[in-house]
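Each residue of the sequence shown is one higher than the last, beginning at 814 in our numbering. From the three backbone atoms N, C-alpha and C, an ideal C-beta is built for every residue, glycine too. Quick notes on the structure that follows.
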Amino acid sequence: MMRDFFPGLAGIPAAKSSISFVDGERGILEYRGIRVEDLAEHSSFLETAFLLLFSRLPAKLELETFNRDISQHRRIKFGIIDLLKALPEQGHPMDALQAAVAALGMFYPFHDVREETTRYLTAVRLIAKLPTMVAAFARLRRGDEAIQPRDDLSYAENFLYMLTEQVPDPALAKIFDVCLILHAEHTMNASTFSGMVTASTLADPYTVISSAIGTLKGPLHGGANEAVIHMLEAINSVDRIPMHVDDKLSNKEKVMGFGHRIYKVKDPRAIVMQTFAQQLDCEAGPQSLFTLARAVEAHMETRVGSKGIRPNVDFYSGIIYHQLGIETDLFTPIFAMARVAGWLAHCFEQYQENHLFRPDQIYDGPHNLPYQPIETREPQFQ
Ligand SMILES: CC(C)(COP(=O)(O)OP(=O)(O)OC[C@H]1O[C@@H](n2cnc3c(N)ncnc32)[C@H](O)[C@@H]1OP(=O)(O)O)[C@@H](O)C(=O)NCCC(=O)NCCS
């Protein structure tokens, strides 16, 4: 009997979830029923993380406690610093982050995935420590000491401080915090699915998050924000855009930061980020990355806009991080720092109604082949 096959499981529901909702035709994204634009305007990353994890906005005292718990768990063990020091400095920081998160679980053994206090503490540790690990690797690979987190700074301020040793301008830290809100969750995507598959084996959340980090790294997923900057730097001037973009399109190559499996209109997160990128665009010259990005978007609209291929979250986020002076290969680890909130929410939802993922396949290989003796086999690799 012929069975239907859906490459990439496109359109196949893999879970029931109340964490987030996306309407790709109308450009709507909600976390726990609240529009992401409203969260960007009124909330903070940690408040949004609480919302994702506990299904509601926290009361004042709850938020203060959550903020305090996160601040108090920002430090990482010397063993993790030693591990980061031992990694090759030319290695990708996403690999360092994945390794460090997996190792973190060895310091905090997690025995019962159904135990709520341990779950809370694990979520706090992961949200609190990811920025410290990202910033530590960024410094250690240059031969600098890792900077200790500061409890008196906000989540975003502290991360930028640990990277640069300078307390950032509050307005810049606010923009960075909004970027984290916009990256915190996005329904069923590749990294979330990968984390859920791992959670469905009842593996601990550290293992779940490290597997999601590995999946986020790819250029078709979180790695696109980095690729956007490389592409804009390669284009380098507005007059080269038609040639560069048309070349890619005629070779059937993807233009990074465009297109989305769900959105057929401009990604609502890209709309908010574009405003910030514009605010930060003080280079103002014809070659600024923001100017180039706007021109690429305009050209893409004439070429493939009718197919619903428009900027996604990664198109403007990379430009903002670049404008904030952050190294390009840290963009995807920053994405992971934000998305850990959504991954954990899905992980806990999975534990709640667990069913081990065990999809089927359609076998299309041969059957009943004879076992051929080795001396009669022809080599195929030279
Ligand atoms: C995200 C992505 C994988 C989703 O793609 P998808 O829904 O699987 O769509 P497909 O890859 O099947 O593409 C469908 C069509 O749109 C085109 N397309 C999709 N994204 C495109 C892009 N970024 N640039 C150029 N063409 C694109 C494809 O070439 C294909 O054209 P065809 O119908 O003529 O063959 C894809 O848009 C992409 O690779 N984008 C670039 C990477 C990126 O920015 N990723 C971050 C996502 S948040």
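Review point. Candidates Thr945, Gln1091 and Thr878: which alpha carbon is nearest Lys890's?
Key: Thr945
**Study point:** N-terminal and C-terminal residue of the alpha helix (DSSP H) that Leu1143 is part of
**Key:** That residue, Leu1143, is in no alpha helix (DSSP H); it is neither H nor E in DSSP.
**Study point:** Cα-Cα separation between Phe923 and Thr1011, rounded to whole angstroms
**Key:** 15 angstroms
Review point. Going by other Cβ atoms of all chains shown within 10 Å of its Cβ, with 16 needed for buried, is Lys942 buried or exposed?
Key: buried
Check your understanding: Asp972 lies in the alpha helix (DSSP H); which residues open and close that run?
Key -> Asp is not the amino acid found at residue 972; the sequence shown has Phe there. It spans Tyr968 to Thr977 - the alpha helix (DSSP H) in which Phe972 sits, taken as one unbroken run.
Practice item. Assign Ile894 to one of two classes, buried (16 or more other C-beta atoms within 10 Å of its C-beta) or exposed (fewer than that). Key: buried
**Study point:** Spatially closest choice to Asp845 from Leu876, Ala1154 and Gly1036, by CA coordinates
**Key:** Going by the sequence as given, residue 845 is Arg instead of Asp. Ranking the options by Cα distance to Arg845, first place goes to Ala1154.
Practice item. Would you mind sorting Tyr1176 into buried or exposed? The rule is 16 or more other CB atoms within 10 Å of its CB. Key: exposed
Check your understanding: Using 8 angstroms as the threshold, is the segment 1083-1095 in touch with the segment 1039-1059, meaning 3 or more CB pairs across them?
Key -> no
Practice item. Kindly examine ligand 1 and report whether one of its heavy atoms sits closer than 6 angstroms to the Cβ of Ala1033. Key: Per the sequence presented here, residue 1033 reads as Leu, with Ala not at that position. Result yes, Cβ under 6 angstroms from ligand 1.
Exercise for review: Assuming Pro981 contacts Phe950 (C-beta within less than 8 angstroms), just tell me the rounded distance between them.
Suggested key: Actually they are not in contact, since the Cβ atoms of Pro981 and Phe950 sit about 20 angstroms apart, beyond 8 angstroms.
Review point. Cα-Cα, which of Ser857, Pro1146 and Asp1173 is closest to Lys873?
Key: Taking only the C-alpha atoms, the option nearest Lys873 is Ser857.
**Study point:** Near ligand 1: Gly837 beta-carbon under 6 angstroms from a heavy atom
**Key:** no
Check your understanding: Taking the C-alpha atoms as reference points, what is the distance between Ala1037 and Asp1142?
Key -> Ala1037 and Asp1142 have their C-alpha atoms some 11 angstroms from each other.
Exercise for review: Run the CB neighbour count on Ser884, radius 10 Å, all protein chains shown included, and call it buried at 16 or more, exposed below.
Suggested key: buried
Review point. Does the distance from the C-beta atom of Gln1163 to that of Ser1013 stay below 7 angstroms?
Key: yes
Check your understanding: Per DSSP, which one or two residues make a beta bridge with Asp1060?
Key -> Per DSSP, none; premise fails for Asp1060.
Review point. Chain B beta carbons: is any one of them nearer than 7 angstroms to that of Pro922?
Key: You won't find chain B in this structure, because it holds only one protein chain.
Exercise for review: Note down the Cα distance separating Ala862 from Phe1144, rounded to an integer number of angstroms.
Suggested key: 19 angstroms
Practice item. Report the three-state DSSP secondary structure of Ile841 (helix, strand or coil). Key: strand
**Study point:** For Ser833: DSSP bridge partner residues
**Key:** Tyr844
Review point. Since Leu993 and Val849 are thought to touch, with beta carbons under 8 angstroms apart, how far apart are those beta carbons, to the nearest angstrom?
Key: That pair is no contact at about 12 angstroms.
Check your understanding: Nearest-angstrom Cα distance between Ile1054 and Leu1105?
Key -> 8 angstroms
Point to revise | Where the alpha helix (DSSP H) through Phe1103 begins and ends | key: Leu1102 to Val1117
Exercise for review: Run the CB neighbour count on Thr935, radius 10 Å, all protein chains shown included, and call it buried at 16 or more, exposed below.
Suggested key: buried
Practice item. Inspect the beta-carbon positions of Ala986 and Glu970 and report whether they are closer than 7 angstroms. Key: For the pair Ala986 and Glu970, the CB atoms are nearer than the 7 angstroms cut-off.
Point to revise | Residue nearest to Ala984 in terms of C-alpha spacing, selected from Ser967, Glu998, Thr977 and Met975 | key: Ser967
**Study point:** Limits of the unbroken alpha helix (DSSP H) element including Gln885
**Key:** Lys873 to Gln885
Check your understanding: Taking the C-alpha atoms as reference points, what is the distance between Gly1121 and Leu1033?
Key -> Distance between the alpha carbons of Gly1121 and Leu1033 is about 17 angstroms.
Check your understanding: Hey, Val1021 and Gly1008 are a contact pair by Cβ (cut 8 angstroms); roughly how many whole angstroms apart?
Key -> 5 angstroms
Point to revise | Same chain, Cβ closer than 7 angstroms to Ala828, five either side skipped, listed in chain order | key: Met1001 and Met1009
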